[in-house]
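Below: the structure, in structure tokens.
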Amino acid sequence: MKYVIQYTLPYEHRVMVGIEAESREAAIARANDLFDQGDIWDDTQEVPLLYDDFEETGDAGIALEFTIEDEVSGDWPEADTSVKEIRRRDAAFQAACLLVDAYRRGEERGGSVDWDDLDQAYQAALIAAGPSAGRAYTTPRETCERLAVVIEGGLVQAVVADRPDAAPSVAVIDYDAEGFETDELRYITQSDGNKAKALVVEHCVEQATIDLNEVFQETE
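In case it helps, this note's numbering puts the sequence shown at residues 1 to 220.
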């Protein structure tokens, strides 16, 4: 059997914010409005949060008393909003740390940031942003890290990749367009603004059956 256990301690929640107003009364009225709207803790430039902490009150030596609040036979009940807020705050801090670590490791590798590192930060950020954020992107996106063009006899035979489903579109542009009909060619705008006729062949990216580790060898 699962049990929901509770204990209670007397605490005082003390908050200080900065408010610019014409008078003391106006400042207090503004604070009351912000509290009623639930915005007094937002820590904005207009109303900065200066202090936010819980202080224990009453007898510090009071013995804790644990009570059974509920018996659960199935799944645990949904967490209260207060717990969700703590989890979102912790996830936001974790996302920030993961992002910093990812870029630090990227600098150590010469400027190449690993998508796996960023995916971890992204997942933490989704939790921090709440359940409505990124619903269409609930899983880390796959990335194509290695793509190779296979040429034989001057012609492209195949385009292969480690993750073809995540690979970008690939096209081969051939400006040696003699012998082709005009309707087979495309006009490609060049860096100087002029257009040049070219044969463009789009290639399907296939799953690599060759060893791409042997293709992409790091230069010593």
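The beta carbon of each residue, even a glycine, is placed where N, CA and C say it ideally should be.
Since we're looking at a predicted model, the values are computed, not measured.
query: According to the Cβ coordinates, are L9 and E55 closer than 8 Å?
result: The sequence position of residue 9 within the sequence shown is 9, counting from 1. The sequence position of residue 55 within the sequence shown is 55, counting from 1. No. Outside cutoff.
message: For the pair the stretch 141-160 and the stretch 175-191, tell me if three or more CB-CB distances fall below 8 Å.
response: no
- prompt: Under a Cβ-count criterion, where at least 16 other Cβ atoms within 10 Å of its own Cβ denotes burial, should V201 be classed as buried or exposed?
  reply: Sequence index remark: in the sequence shown, residue 201 carries index 201 (1-based). Exposed, since its Cβ has fewer than 16 Cβ neighbours within 10 Å.
K2, buried or exposed, once every other Cβ within 10 Å from all chains shown has been counted against 16: For the purposes of this step, residue 2 is identified with residue 2 of the sequence shown, where counting begins at 1. It counts as exposed.
field: Where Q37 falls: helix, strand or coil (DSSP)
entry: The residue labelled residue 37 in the question sits at position 37 within the sequence shown. Correct three-state label for Q37: helix.
- prompt: How is E85 classed by DSSP in three states: helix, strand or coil?
  reply: Taking the first residue of the sequence shown as 1, we reach residue 85 at position 85. Three-state result, E85: helix.
Inter-residue spacing [alpha-carbon to alpha-carbon] between L185 and G179: What you label residue 185 is simply residue 185 of the sequence shown in a count that begins at 1. What you label residue 179 is simply residue 179 of the sequence shown in a count that begins at 1. The alpha-carbon atoms of L185 and G179 are separated by roughly 11 Å.
- prompt: In its own chain, which residues sit with a C-beta less than 8 Å from the C-beta of A79, not counting the 5 before and 5 after it?
  reply: On the sequence shown, position 79 is the one that residue 79 refers to. Closer than 8 Å at the Cβ level, and outside the excluded window around A79, lie R87.
message: With H, G and I counted as helix, E and B as strand and the rest as coil, what does DSSP make of V4?
response: If you number the sequence shown from 1, residue 4 lands on position 4. It is a strand residue.
- request: Identify which residue in V150, Y7, E12 has its Cα closest to the Cα of V215.
  value: Sequence index remark: in the sequence shown, residue 215 carries index 215 (1-based). V215 has its Cα closest to that of V150, out of V150, Y7, E12.
query: If we count the other Cβ atoms within 10 Å of its Cβ and call it buried at 16 or more, is V17 buried or exposed?
result: What you label residue 17 is simply residue 17 of the sequence shown in a count that begins at 1. Burial of V17 is indicated by the presence of at least 16 other C-beta atoms within 10 angstroms of its C-beta.
Beta-carbon separation (whole angstroms), A196 vs Y175, contact threshold 8 Å: Here residue 196 refers to the residue found at position 196 of the sequence shown. Here residue 175 refers to the residue found at position 175 of the sequence shown. With a Cβ gap of about 6 Å, A196 and Y175 count as contacting.
message: Output needed for A171: all residues of its chain with C-beta closer than 6 Å, excluding positions within five of it in sequence on either side, in chain order.
response: One-based indexing of the sequence shown puts residue 171 at position 171. Within the same chain, A171 has close Cβ partners V200, E202.
- request: Measure the alpha-carbon distance for V15 versus A161 and round it to whole angstroms.
  value: On the sequence shown, residue 15 is found 15 positions in, with the first residue counted as 1. On the sequence shown, residue 161 is found 161 positions in, with the first residue counted as 1. C-alpha separation (whole angstroms): 56 Å.
- prompt: Three or more beta-carbon pairs under 8 Å between the stretch 113-122 and the stretch 86-103, yes or no?
  reply: yes
- prompt: Going by beta carbon distance, what residues of the same chain come within less than 8 Å of A31, once the five residues before and after it are set aside?
  reply: Translated into the one-based positions of the sequence shown, residue 31 becomes position 31. So the qualifying residues of the chain are V17, I19, I40.
field: Nearest-angstrom Cα separation, counted from E71 out to H13
entry: Against the sequence shown, residue 13 aligns to sequence position 13. Against the sequence shown, residue 71 aligns to sequence position 71. Roughly 31 Å between the two C-alpha positions.
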